[in-house]
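In the working numbering, the protein residues as written are 2 to 171.
Glycine is no exception: its CB is placed at the ideal position from the N, C-alpha and C atoms.
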Amino acid sequence: MDFTQLPSILTPDLGLLFWMLLAFLVVFGVLAKFGFPVITKMVEERKQFIDDSLRKAHEASERLENIKQEGEAILQEAREKQAQMLKEAAETRDTIVEKAQEKAREEGARLLGEAKAEIEQEKKAAIADIRKQVASLSVEIAEKVLKQNLKSDQSQMDLIDRMLDEVSSK
């Protein structure tokens, strides 16, 4: 294969290579002096921004976790307070019920005592009434017996003598 027959773009001569190398070095020098520091600075700023964003995201995640823990602690405290309030309410209810039962017992005992006293009074009144009736009946019976026994004047005189003898012998 003969390289002399190829187009000049594929086989550049030495002068073209020199000028291309010189242009490349100038562009590279300008880029190295002005372009690369700017690009490096932008990449560094972008890296710093990403690092800051990751750090802030991590802090936000930690804060969120702390908030969740605080929320759980508040809920737990609220549950404990609710349980305490329910316990106190139950104790208060029991105390009120116990006081009401004690009051009902006292009232029942008082009513029972009053009823017993009233029954006793009525019993005494009934006994007194029965005694009065018995005495009245006894007097009536004695009167009838005496009337029957003392129909004659002689029997009346005998009775009076007997009673006088009993009184004088005492």
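Starting from G16, trace the alpha helix (DSSP H) in both directions and tell me its first and last residue. 15-31
Using three-state DSSP, classify K152 as helix, strand or coil. coil
Alpha carbon to alpha carbon, how far is I75 from N67? 12 Å
In angstroms, rounded to a whole number, what distance separates the CA positions of T41 and D14? In this structure, the alpha-carbon of T41 lies about 37 Å from that of D14.
Alpha carbon to alpha carbon, how far is V98 from V135? Give it in angstroms, no decimals. Cα-Cα distance, rounded: 53 Å.
Straight-line Cα distance separating E144 from S156: 15 Å
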